[in-house]
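Chemist:
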Amino acid sequence: MAIDTQPGHRLDKRPSGNGPPPVIRRLVLDNGALLALVAMVILMAVLSGNFFTTTNIVNVGVQASVTAILAYGVTFAIVSGGIDLSVGSVAAFSAVMLGWFTTNQGVPVFFGVILAILVGTACGLVNGLLIAYGKLPPFIATLAMLSAARGLAQVVSEGAPIALPDSLSWVGENLNDYIATPVLIMIAMGLIAGLVLMRTYSGRSMYAIGGNEEAARLSGIRVQRQKIIVYALVGAFAAVAGIVLASRLVSAQPNAAEGYELDAIAAVVIGGASLAGGVGKASGTLIGALILAVLRNGLNLLDVSAFWQQVVIGAVIALAVLLDTLRRRA
Amino acid sequence: MEGIRKVFPGVVALDGVDFDLRAGEVHVLLGENGAGKSTLIKILSGVYRADGGRVLQNGRPVRVAGAEAAEKLGIAAIHQEFNLVPHLSIAENLFLGRQPRRYGLLDRKKMEADAAVLLQRVGVDAPPRTPVRELGIAGRQMVEIAKALSLRARVLIMDEPTAVLTAEEVNRLFAIVRKLRSEGVGIVFITHHLEEIPQIGDRVTVLRDGRSVGQVPASAPEDELVQQMVGRSIEQQYPRDTGRVTPSAQPLLRVTGLRRAGVFHDIHFEVRAGEVVGVAGLVGAGRTEVARAVFGADPYDAGTVEVLGKRLPGHNVSAALASGLGLVPEDRKGQGLVLGSSIQENLGLVTLRKATRGGLVDRAAQKRDAGRIAERMAVRMAGLDQHVGTLSGGNQQKVVIGKWLLAQSRVLILDEPTRGIDVGAKVEIYQLINELTASGHAVLMISSDLPEVLGMSDRVLVMSQGRIAGELTAREATQDAVMALAVGTSAHGANEMEDSPRGH
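So the protein lines, in turn, are chains R and S. According to the numbering used here, the stretch in the first sequence is residues 1 to 330, in order. According to the numbering used here, the stretch in the second sequence is residues 1001 to 1504, in order.
Pasting the structure below:
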C-alpha cells in the first residue's frame, strides 16, 4: 500500500519474472479464499466418506447461513472503515421480539417479521447515531450495543425461550432433499448485499469513506448520514439472521447467537476485506462463511474435539489474513 | 549503485540506473515524478530490494536487505512523510528503539542530555521534552536530521526536503546541509526546485523514465536541466497571458467579512468568470484555512460566501458543491484521493449522487464519463481500474481536478495544485487552468511557489497573519511587492506564524 510513485506511463511492459505465468499467479492470488474453499471441500471429501453426501452438503449450507447473513452486514461496517460487534446480540434481540410480537401479542407472523427487522434496524440506527453524531469509535458504540441488546433480549423474554408460531417453522426447514430455506435466504441476502455494495450510492460511499473519509467528505459525500445508513443496514441483516436462527430452533432464545459476531468478523476477513476499510466484497464474505462451516462440519465428521476445532479455526483465520497480506505485497 | 533494476507488476520502475556518491558532497537527484527517484532511494535505504544491479560501498559490494541493514551501513533517509511519533517527546523520537538504559530502565536524563546536543547541532532550540506534535513541519524535519546524525549516518538521503518549507526555513536547512557536507557526510538531495540546485548541489544526476540519462555539475543552466529531465525543452513555463480579464465580468465567487476567531479576519474578495486569482503568503498565514471555510469544509464565525450571487450556508460541503464550487485540497493523498480505489471511482466521487437513480448508481455512465475526462486530461494510466495510489503525483492531481470537471464546477479552489509535481505535469496543469478560465470558469489558486503565483494569476491576494494584507494586479505583482506584503508590518510576528504547526 505504501508504493506511492511509480511511473504510470510505461504500460506496455509486463513483469518478466520466473515462476508461473502472471495470469495464473494473479488468478490464484485474487481468488485465494475461493481456492481454499475448494481445496478444503476436496480434502474433507477424501478424508471422510460422509462429507460429500447430499444431506451433509445441505447441512453445511444451513450451518453457514446464519453466520453468512450476519457477516454480510458486518461487511458493510468493515468496508466503511468501522466494525460492528453487536450483531449477535441484535440478532437474538430481534428474534426475541419476533417471538414476543407473534406468540405473546398475537401479531400476524408476516407483520411480526417486519417488526423484528425494524427492531434490528433500530438497534443499528442507535449504533449509527452514536458513531456519526456522538463521535464514538465504532468499536465502543457497538460494544455497548452488544451488551445492551443482549440485556433487552433477556428482559423481554424474562430469560426464557419464547416458542415461535408453527407457521414460521418453514423458514428454518428444508424444502426437499436438495434445497433448504436458510440457504435460499442466505443467497438472497447475499445478492442484496452485493447489490448494495456494488450498485448503490450508499455502497459506493462505503468504499470511499472506508478508503479515505476526509476525501469522501470533501467530495460531497454526507459521511455522517451514510454511516447511520451503514449501521442501520447491519442491524437489519442481523435481524434477518436472528429470524433464521430462531426458526431453525423453533423458538426465540435470549442467549442465542452469543459470540457469533466473532464468526461474522472472521468470515468477512477470510473473505478478503481489510479491517482498515475500503476493501471487501459480499461474495468474499459468503466464501469466508462457507469456509468456516466446512471446517466445523468436516472436523466434526472426523471426530476432532470441539477444543481442537477452535485451535484449527484460529489458525485458519491467521492463515487467511497472512495470505491476503502476501497478495497485497505481490 | 550500478545497473539498478526494479520491476513492479506492470511497470519497469528502474532500468539500469547508475549513481555514485562521494563523501562530503551534495548530489542532487533530479527527474520528473515517476522517473524513478523515489524507487531508487527506497532501494538505497532498504525499503525495496533491487531486481538487478548492485550497490557498492567503499568499492565493496553490500546488500541493503532492510532498514536495519541500511542503518548499519550508515545510510539514513528522510522521507517526505516523516517517521515520527507525534505524541512522544523529541528525545524519545530521536532514540526510539535504542533508548539509553540503566539497570534495565530508561535513562531519561542521559537521553535528554544527548538529545539536547543533537538538537543544538541542527539548530533547534526547543527543549528535548517537547512533544513532536508541537513542532512545525520545519522543526520535525530537523528532528529527523538529528536522528540521522545520532545514527552516525555517512549517507543522508533527503527526499524533497524543501517542498514544505518557507524561504527562510529553506535557508536554515541549507546551512545545516552545508555543515554536514563539510563534516564529510554524503548527501543525496531530491528537489523539484531547480533554482535550489546551484545553491546547494555539487553534482546532478538526472533520471528519466527509470534510466539515468545524464550527470552534470550543479552549475549547469536550468534550461539544460529541464531539457534533460523531460527530454524536450519547455517553451514557456507559465503559459498564461495574465491580466486580460475585463473588470465587468460576472463575479462567480464573492466572499465578504469572513472571520474565524484567531485564524482569519476581514476576508473580502471576488473571483470573476475567466479569472485566476492567486493567493500568496507565508505558510501559516491562513490561506488554506480560508479556502476550507469558503468551501464549507470547516466552520466560520462571521461573514458570507456567495457563489453566482447565491449565499451559501456555512460548514456545508454539499451546498458548496451544488452551487458549483470545487476544492482541490492541499494534501492530495490525505484529502484529495481514495488511494486504494480505482481512477474511475475517484473521478466519479463528486458526481456519484447525480449518477444515482432510485438508489442505484449508473455505473456504465460513470465509466463513460470517467473515460472521457481521463482522456481529456491525458491521465497516464494502464486503465480506468488502476488504483490511483500507483499513479505519479502529477497524474494523481489530474484525477483530483478531473472529478470537479466532471461535476461541472464553475469555481475551482486549487490549494497548492502543483506541489510535489514535476515540471512537465505542472505545465499541463497550467494549460488546464487556462482552458478552464477560457471557458468561463473562475479559479482561486493558493500557492507557496511565488513564480507560479506571479506567472499564472490575473490578480494576487497576499495574506499575512490571517488577513488579506493587500491585492495586486498582475502588473503590480512582483516578488518583492508580494513578499513585502506577506511579511507584513511585523516581521517578527510573521516568523512566529511560520513556525506554528499547520492544523491537520
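Glycine residues also receive a C-beta, built at the ideal position from the N, C-alpha and C atoms. Treat the numbers as computed from the prediction; the structure is a model and nothing was measured.
1. With 16 as the cutoff for other CB atoms within 10 Å, does R/Q6 come out buried or exposed?
2. Kindly indicate which residue of S/S1439, S/L1106, S/G1309, S/P1161 has the alpha-carbon position closest to the one of S/R1140.
3. Which partner residues of S/K1310 appear in the DSSP bridge assignment?
4. R/L326 CB to nearest chain S CB: under 7 angstroms?
5. Less than 7 angstroms between CB atoms is the rule here; does R/Y133 satisfy it with respect to chain S?
6. Which residue's Cα is closest to the Cα of S/I1421: S/Q1397, S/T1437, S/I1401?
7. From the DSSP output, read off the bridge partner residues of S/H1265.
8. For a contact defined as C-beta to C-beta under 7 angstroms, what are the partners of R/A279 on chain S?
9. Apart from the five residues just before and just after R/I229, which ones in its own chain have a Cβ nearer than 8 angstroms to its Cβ?
10. Counting only Cβ-Cβ distances shorter than 9 angstroms, please list the residues of the region 1310-1322 of chain S near chain R, keeping chain order.
11. So is R/F52 buried or exposed if we call it buried at 16+ other beta carbons inside 10 Å?
12. Under the assumption that S/A1302 contacts S/G1440 (Cβ atoms under 8 angstroms), give the Cβ distance between them as a whole number of angstroms.
13. Is it true that the region 1466-1477 of chain S meets the region 1263-1283 of chain S, where meeting means three or more beta-carbon pairs spaced less than 8 angstroms apart?
14. Only counting the same chain, and skipping five residues up and downstream in sequence, which positions put a Cβ closer than 7 angstroms to that of R/V223?
15. So with CB distances below 7 angstroms, who are the chain S contacts of R/N212?
16. Along chain R, which residues have their Cβ under 7 angstroms away from the Cβ of S/P1329?
17. Should S/G1053 be flagged as near chain R, meaning a C-beta pair shorter than 7 angstroms?
18. Any chance you could list the alpha helix (DSSP H) runs of at least 4 consecutive residues sitting entirely within the region 1294-1375 of chain S, in chain order?
19. Could you check what DSSP says for S/T1242 in three-state terms: helix, strand or coil?
20. Using the rule of at least 16 other Cβ atoms within 10 Å of the residue's Cβ for burial, across every protein chain shown, is S/A1291 buried or exposed?
21. Going by beta carbon distance, what residues of the same chain come within less than 7 angstroms of S/Y1430, once the five residues before and after it are set aside?
22. Does the region 1154-1171 of chain S come close enough to the region 1116-1126 of chain S to have 3 or more Cβ pairs within less than 8 angstroms?
23. With respect to the alpha helix (DSSP H) encompassing R/T67, which residues constitute its N-terminal and C-terminal limits?
24. For the alpha helix (DSSP H) that R/G151 lies in, which residues bound it at each end?
25. Can you pull out the residues from the region 108-142 of chain R whose beta carbon lies closer than 8 angstroms to at least one beta carbon of chain S?
26. So, helix, strand or coil for S/M1111, using DSSP?
27. When we look at the beta-carbon of R/P138 and count the other beta-carbons within 10 Å, is it buried (16 or more) or exposed?
28. In three-state terms, what does DSSP make of R/K135?
29. Assuming R/L118 and R/L290 make a contact with CB atoms under 8 angstroms, what is their CB distance in whole Å?
30. Taking R/E261 as the reference, which of R/V113, R/L233, R/A193, R/V74 has the closest Cα?
31. From R/I57 to R/L195, what does the alpha carbon distance come to, in whole angstroms?
32. Of all the options S/G1359, S/A1023, S/H1079, S/L1406, which has the alpha carbon lying nearest to the alpha carbon of S/G1184?
33. Would you say R/Y201 lies against chain S (beta-carbon separation less than 7 angstroms)?
34. Can you give me the start and stop residues for the alpha helix (DSSP H) that R/P182 sits inside?
35. Residues in the region 1267-1298 of chain S with C-beta within 9 angstroms of chain R's C-beta atoms, listed in sequence order?
36. For R/G235 versus R/G124, is the C-beta spacing smaller than 7 angstroms?
Modeler: The structure says:
1. The predicted position of R/Q6 is uncertain, since its pLDDT is 39 and thus under 50; no value can be drawn from it.
2. S/P1161
3. S/V1307
4. no
5. no
6. S/Q1397
7. For S/H1265, which the question treats as bridged, DSSP gives no partner whatsoever.
8. The sequence as given places Val at residue 279 of chain R; Ala does not occur at that position. Within 7 angstroms Cβ-Cβ: G1340.
9. G128, S202
10. V1317, S1318, A1320, L1321, A1322
11. exposed
12. Wrong, their Cβ atoms sit about 31 angstroms apart, outside the cutoff.
13. yes
14. I209, E213, A216, R217
15. L1337, V1338, L1339
16. L218
17. no
18. 1317-1323, 1343-1347
19. coil
20. buried
21. Y1238, P1239, R1240, M1456
22. no
23. 54-79
24. 138-157
25. none
26. helix
27. buried
28. coil
29. That belief does not hold up - the Cβ atoms of R/L118 and R/L290 are roughly 29 angstroms apart, past 8 angstroms.
30. R/V74
31. 27 angstroms
32. S/A1023
33. yes
34. 181-199
35. R1292, F1295, A1297
36. yes
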